[in-house]
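Take a look at the structure below.
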Amino acid sequence: MAMTYSEKVRDHFANPRNVGTIEDANGVGEVGNAVCGDIMKMYLKIENGVIEDVKFNTFGCGAAIATSSMATEMIKGKTIEEAEQLTNKAVVEALDGLPPVKIHCSVLAEEAVHAALEDYRKRLAAQQQ
Ligand code: FES
Numbered sequence: 008m009a010m011t012y013s014e015k016v017r018d019h020f021a022n023p024r025n026v027g028t029i030e031d032a033n034g035v036g037e038v039g040n041a042v043c044g045d046i047m048k049m050y051l052k053i054e055n056g057v058i059e060d061v062k063f064n065t066f067g068c069g070a071a072i073a074t075s076s077m078a079t080e081m082i083k084g085k086t087i088e089e090a091e092q093l094t095n096k097a098v099v100e101a102l103d104g105l106p107p108v109k110i111h112c113s114v115l116a117e118e119a120v121h122a123a124l125e126d127y128r129k130r131l132a133a134q135q136q
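The sequence shown maps to residues 8 to 136 in the working numbering.
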């Protein structure tokens, strides 16, 4: 059976938003999936507790690209606390669904956001010492 992707998944795969790197990012997270070998890197620029800018690079499948693209759109302009609430389920819903075998790709997007936020918190704690 052929896999079917929603229009939104196709759109975010063909025209991913916020691709690239941020030179002066203050939160960077990199995660990988051991099974498929895909890697996702997320860059955050946080000012006064708000995500002013976010960029990503994904070396992975189409669903990984689409979910990271959607995840960046969902957290841009949000507070750290709001971004921490981001779940892969919310990303999948925003994309109008993913084939079941591709759900793990959306988990990578959630993990990349959380890893970047954690890196930001670590840097902040180190500054305050
Ligand atoms: Fe690995 Fe999609 S197949 S992230």
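Even for Gly, the Cβ is constructed at its ideal location relative to N, Cα and C. Note that the structure is predicted; figures quoted are calculated from it, not measured.
Cα-Cα, which of the options is closest to residue i?
i: residue 57; options: 133, 124, 129 and 130; result: 124
i: residue 70; options: 128, 132, 126 and 19; result: 19
i: residue 84; options: 25, 12 and 11; result: 25
i: residue 53; options: 29, 45, 102 and 114; result: 29
i: residue 60; options: 47, 66, 90 and 104; result: 90
i: residue 27; options: 93, 92, 79 and 110; result: 79
i: residue 38; options: 65, 74, 100 and 31; result: 65
i: residue 92; options: 82, 101 and 99; result: 82
Rounding to the nearest angstrom, what Cα-Cα distance links residue i and residue j in this structure?
i: residue 72; j: residue 14; result: 14 Å
i: residue 33; j: residue 132; result: 12 Å
i: residue 135; j: residue 112; result: 35 Å
i: residue 76; j: residue 97; result: 13 Å
i: residue 8; j: residue 116; result: Low per-residue confidence applies at residue 8: pLDDT is 48, beneath 50, and the placement is therefore not dependable, though the value from the model is reported in the following sentence. Going from the Cα of residue 8 to the Cα of residue 116 covers about 26 Å.
i: residue 17; j: residue 23; result: 10 Å
i: residue 86; j: residue 120; result: 13 Å
Residues bridged to residue i by DSSP?
i: residue 47; result: 38 and 65
i: residue 86; result: 57
i: residue 26; result: 63
i: residue 109; result: DSSP, once it has assigned bridges, lists no residue as partnering residue 109.
i: residue 52; result: 60
With burial defined as no fewer than 16 other Cβ atoms inside 10 Å of the residue's Cβ, what is the status of residue i: buried or exposed?
i: residue 10; result: exposed
i: residue 63; result: buried
i: residue 126; result: buried
i: residue 129; result: exposed
i: residue 45; result: buried
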